[in-house]
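Okay, structure first, notes after.
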Amino acid sequence: MCGIWALFGSDDCLSVQCLSAMKIAHRGPDAFRFENVNGYTNCCFGFHRLAVVDPLFGMQPIRVKKYPYLWLCYNGEIYNYKKMQHHFEFEYQTNVDGEIILHLYDKGGIEQTICMLDGVFAFVLLDTANKKVFLGRDTYGVRPLFKAMTEDGFLAVCSEAKGLVTLKHSTTPFLKVEPFLPGHYEVLDLKPNGKVASVEMVKYHHCRDEPLHALYDNVDKLFPGFEIETVKNNLRILFNNAVKKRLMTDRRIGCLLSGGLDSSLVAATLLKQLKEAQVQYPLQTFAIGMEDSPDLLAARKVANHIGSEHYEVLFNSEEGIQALDEVIFSLETYDITTVRASVGMYLISKYIRKNTDNVVIFSGEGSDELTQGYIYFHKAPSPEEAEEESERLLRELYLFDVLRADRTTAAHGLELRVPFLDHRFSSYYLSLPPEMRTPKNGIEKHLLRETFEESNLIPKEILWRPKEAFSDGITSVKNSWFKILQEYVEHQVDDAMMANAAQKFPFNTPKTKEGYYYRQIFERHYPGRADWLSHYWMPKWINATDPSARTLTHYKSAAKA
């Protein structure tokens, strides 16, 4: 996890512009470099480093003797870099995983390169010999990337939008900043004056398709067919592999553990893999909640079962409410459910950074979207429509859960790893017949639970624990986090403000006082940038007025049982 920043064709003083790059310093607390491009006085790279792999030669932009005309700035991890190196017999100059991008590009061009990368990434690649700039982002947008481009060819890219909003350019007083789409790469021509012109934007991978790099990995051979035992066996193989490949780091690994199904499976599998890899330190797991939180109790059970060194972080409603301003600043969104869920994750990341030496943090993000884990999937009209909704949620992860997971951890210089969004695991899961993936017997994620039924990885009551939203599970059932927030906001936003909401905020007009309050904070930090969020996250197929799972009838009946 790092922070990348680059400008092409700036007509303002670079020493002033580079101050914007300091807005993302939290992403790379270990080192910073600012470098001009030879022959292009108005082009430069900025890089904040979190040293996770190769502490000696890991600074960026990466340049190697063999390709003096290539400049690479990237944020991410390429898990198959050694495999590719050995397969194609590339000669490496460093031990940095990202160096593979330079060799693959030289060998086969940008499309071949990006399809071969098994990992999470956002990159800027400059080829001064062929006068090209390339931007690319991983399938689900696990690593963030924003860009701003003017009509006269000034291009600015950054890991977070906050590193671009204060940039100056002569032709526009207000630089339009937007997220770079996941699963895409863009080709741009570099002109002699340092400006660029977009040539094409290409969608290179759909989450349903098996990735091209699957041809070269060493996963045990999967069994053909959709017989249930075959499928379960294949899922176990792929999930184990997804966790194992993510052990790649020189820093200490920890794990978030909410006590829900997803984080529990990740923590249990991770601990098993660390033992097999003969890692010398114990796995530390972290849970957060208020007193009487069901998450804390469930996480404790899992930690005892798997034998991790477990930490519980307690916070009260006042601390949660006080964090809202810095959380929304970090997130760059005002989406209601994202803000609610981010407070706990932000506070636990803060604790990990301050009190431990864990830097790489595993988590269960992506599972609900992939395995149809949200409670409203019980109301899906058909397996096909459930499948369609699952894929929509995966496409939009970069606006919601993946955004939350990245920003709340990166704000404290931590790197998050999410095995459920592994290319091989997710594409296989999505290739299964739609009816296999729907909730069964009133239980969501039935197939995933069934897959690990006989493994004894986690306690049975956790394996079959119903879905609990992270923003709800951190508080007691009697007083949910969303209710605490709503009670607080009731005194901050009056009815007159709500009556004027459509005039004040014509785009994505907030419908509740809570939404209004978050929007106010967002506009204070990022005025006029509301279009970064295309729509609010909300359950489907039911007349929901609130995104909390605890407001749904299915949850209420489960709580009574």
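UniProt numbering puts the first residue of the sequence shown at 1, with every later residue one more than the last. We put the CB at the ideal spot given by N, CA and C, even for glycine.
Discussion item. Going residue by residue through the region 380 to 463, where are the continuous beta strand (DSSP E) segments of at least 3 residues, counting only ones entirely within it?
Written reply: 415 to 417
Item to complete: Select from L463, V360 and C115 the residue whose C-alpha is nearest the C-alpha of V202.
Response: Translated into positions along the sequence shown, residue 202 becomes position 202. That would be C115, whose Cα lies nearest to the Cα of V202.
Fill in: Buried versus exposed call for S15 [16 or more other C-beta atoms within 10 Å across all chains shown]
Within the sequence shown, numbered from 1, the residue matching residue 15 stands at position 15. Exposed: under 16 other Cβ atoms inside 10 Å.
Discussion item. Check whether the region 205 to 221 and the region 102 to 115 touch, using three or more Cβ-Cβ pairs below 8 Å as the test.
Written reply: yes
Worksheet item: Tell me, which residues are paired with Q284 by DSSP?
Response: Your numbering for residue 284 matches position 284 in the sequence shown. According to DSSP, which records beta bridges pairwise, Q284 is partnered with G254 and E309.
Worksheet item: Ordered along the chain, which non-local residues of its own chain (more than five positions away) have a Cβ less than 6 Å from that of V337?
Response: Residue mapping note: residue 337 aligns to position 337 of the sequence shown, counting from 1. In the sequence under discussion, the amino acid at residue 337 is Thr, which differs from the Val named in the question. The answer, listed in chain order, is W537 and P547.
Item to complete: Using three-state DSSP, classify Y334 as helix, strand or coil.
Response: As a first step, residue 334 is located in the sequence shown; it is residue number 334 there, counting from the start. Y334: coil per DSSP, three-state reduction.
Worksheet item: Within 10 angstroms of its Cβ, does E218 collect 16 or more other Cβ (buried), or is it exposed?
Response: Position 218 of the sequence shown, counted from the first residue, corresponds to residue 218. In the sequence as presented, Glu is not what sits at residue 218; that position holds Asn. Answer is exposed; the Cβ neighbour count stays below 16.
Worksheet item: With respect to the alpha helix (DSSP H) encompassing K83, which residues constitute its N-terminal and C-terminal limits?
Response: Position 83 of the sequence shown holds residue 83. Start and end: Y81 to F88.
Worksheet entry | Cα-Cα separation, F410 to R208 | If you number the sequence shown from 1, residue 410 lands on position 410. If you number the sequence shown from 1, residue 208 lands on position 208. The sequence given here has Ala at residue 410, not Phe. About 28 Å.
Worksheet entry | the region 277 to 296 contacting the region 314 to 326, beta-carbon criterion three pairs below 8 Å | yes
Worksheet entry | Residue burial classification, E99 (beta-carbon count within 10 angstroms, cutoff 16) | The residue labelled residue 99 in the question sits at position 99 within the sequence shown. Burial call: buried.
Discussion item. Can you check which of these residues, P179, E384, L421 and P439, is closest to L394 by C-alpha distance?
Written reply: One-based indexing of the sequence shown puts residue 394 at position 394. The residue with the shortest Cα to Cα distance from L394 is L421.
Practice prompt. Assign P419 to one of two classes, buried (16 or more other C-beta atoms within 10 Å of its C-beta) or exposed (fewer than that).
Written response: Position 419 of the sequence shown holds residue 419. Buried, because 16 or more other Cβ atoms sit within 10 Å of the Cβ of P419.
Practice prompt. Could you check which residue in V133, H169, V165 and S159 has the C-alpha nearest to that of A197?
Written response: Sequence index remark: in the sequence shown, residue 197 carries index 197 (1-based). Among V133, H169, V165 and S159, the Cα nearest to that of A197 is on V133.
Worksheet item: Which whole-angstrom value describes the C-beta separation of G58 and A21, a residue pair presumed to lie in contact below a C-beta threshold of 8 Å?
Response: Residue numbering aside, residue 58 sits at position 58 when the sequence shown is read from its first letter. Residue numbering aside, residue 21 sits at position 21 when the sequence shown is read from its first letter. About 18 Å; that fails the 8 Å criterion.
Item to complete: State the start and end residues of the unbroken alpha helix (DSSP H) segment that holds F8.
Response: Taking the first residue of the sequence shown as 1, we reach residue 8 at position 8. Careful: F8 lies outside any alpha helix (DSSP H), inside the beta strand (DSSP E) at G3 to F8.
Worksheet item: Could you give the C-beta distance for L271 and S308, rounded to a whole number, given that I count them as a contact under 8 Å?
Response: The residue given as residue 271 occupies position 271 in the sequence shown. The residue given as residue 308 occupies position 308 in the sequence shown. Confirmed, about 6 Å.
Worksheet entry | Assigned exposure category for F223 - 16 Cβ within 10 Å defines buried | Looking up residue 223 in the sequence shown gives position 223. It is exposed - the Cβ of F223 has fewer than 16 other Cβ atoms within 10 Å.
Worksheet item: Is it true that the region 441 to 452 meets the region 359 to 366, where meeting means three or more beta-carbon pairs spaced less than 8 Å apart?
Response: no
Practice prompt. Leaving out five residues on either side along the sequence, give the residues of the same chain with a beta carbon under 6 Å from the beta carbon of G254.
Written response: Taking the first residue of the sequence shown as 1, we reach residue 254 at position 254. Closer than 6 Å at Cβ, skipping near neighbours: Q284, N358 and I361.
Item to complete: Keeping to the same chain, check which residues put their C-beta closer than 6 Å to that of residue 586; ignore five residues upstream and five downstream.
Response: Any question about residue 586 goes unanswered here, given that the chain covers just 1 to 561.
Worksheet entry | Span separating the alpha-carbon of P144 from that of E276 | As a first step, residue 144 must be located in the sequence shown, where it is residue number 144. As a first step, residue 276 must be located in the sequence shown, where it is residue number 276. Rounded to the nearest angstrom, the two C-alpha atoms are 32 Å apart.
Item to complete: Tell me K203's beta-bridge partners as DSSP assigns them.
Response: What you label residue 203 is simply residue 203 of the sequence shown in a count that begins at 1. K203 is bridged to H184.
Worksheet item: Does DSSP put L19 in a helix, a strand or coil?
Response: Walking along the sequence shown from the start, residue 19 turns up at place 19. Looking at L19 - three-state DSSP - the assignment turns out to be helix.
Discussion item. How far does the beta strand (DSSP E) with C44 in it extend, from its first residue to its last?
Written reply: Stepping through the sequence shown from its first residue, residue 44 is reached at position 44. Y40 to R49 is the extent of the beta strand (DSSP E) around C44.
Practice prompt. Tell whether a beta-carbon distance below 9 Å holds between R529 and A161.
Written response: Translated into the one-based positions of the sequence shown, residue 529 becomes position 529. Translated into the one-based positions of the sequence shown, residue 161 becomes position 161. Cβ distance < 9 Å, so R529 and A161 count as in contact.
Worksheet item: Straight-line CA distance for E490 to V339?
Response: Position 490 of the sequence shown, counted from the start, is the residue given in the question as residue 490. Position 339 of the sequence shown, counted from the start, is the residue given in the question as residue 339. Cα-Cα distance, rounded: 17 Å.
Worksheet item: How long is the line joining the alpha carbons of A544 and D97, rounded to whole angstroms?
Response: Working through the sequence shown from its first residue, we reach residue 544 at position 544. Working through the sequence shown from its first residue, we reach residue 97 at position 97. So the two alpha carbons sit approximately 45 Å from each other.
Discussion item. Can you check which of these residues, E91, K131 and Q17, is closest to W71 by C-alpha distance?
Written reply: Mapped onto the sequence shown, residue 71 falls at position 71. Of the candidates E91, K131 and Q17, the one whose C-alpha sits nearest the C-alpha of W71 is K131.
Worksheet item: Helix or strand or just coil, what does DSSP make of Y555?
Response: Here residue 555 corresponds to residue number 555 of the sequence shown, with the count starting at 1. Legend: pLDDT at Y555 = 49, less than 50; position of this residue unreliable, no value from coordinates given.
Discussion item. What does the alpha-carbon distance come out to for the pair L274 and K467?
Written reply: As a first step, residue 274 is located in the sequence shown; it is residue number 274 there, counting from the start. As a first step, residue 467 is located in the sequence shown; it is residue number 467 there, counting from the start. Using only the alpha carbons, I get a separation of about 28 Å.
Item to complete: Please confirm whether T139 and G183 have their CB atoms less than 9 Å apart.
Response: Taking the first residue of the sequence shown as position 1, residue 139 is located at position 139. Taking the first residue of the sequence shown as position 1, residue 183 is located at position 183. For T139 and G183, yes; Cβs fall inside 9 Å.
Practice prompt. Could you say which of Y79, R27, H103 and L370 lies nearest to F90 if we only look at CA atoms?
Written response: One-based indexing of the sequence shown puts residue 90 at position 90. Cα-wise, what sits closest to F90 is H103.
Discussion item. In chain order, what are the residue ranges of uninterrupted alpha helix (DSSP H) at least 4 long that sit wholly in the region 489 to 535?
Written reply: 495 to 499, 501 to 504 and 513 to 525
Practice prompt. Give a yes or no on whether the C-beta atoms belonging to L432 and L447 are separated by under 9 Å.
Written response: Against the sequence shown, residue 432 aligns to sequence position 432. Against the sequence shown, residue 447 aligns to sequence position 447. A contact, by the Cβ cut-off of 9 Å.
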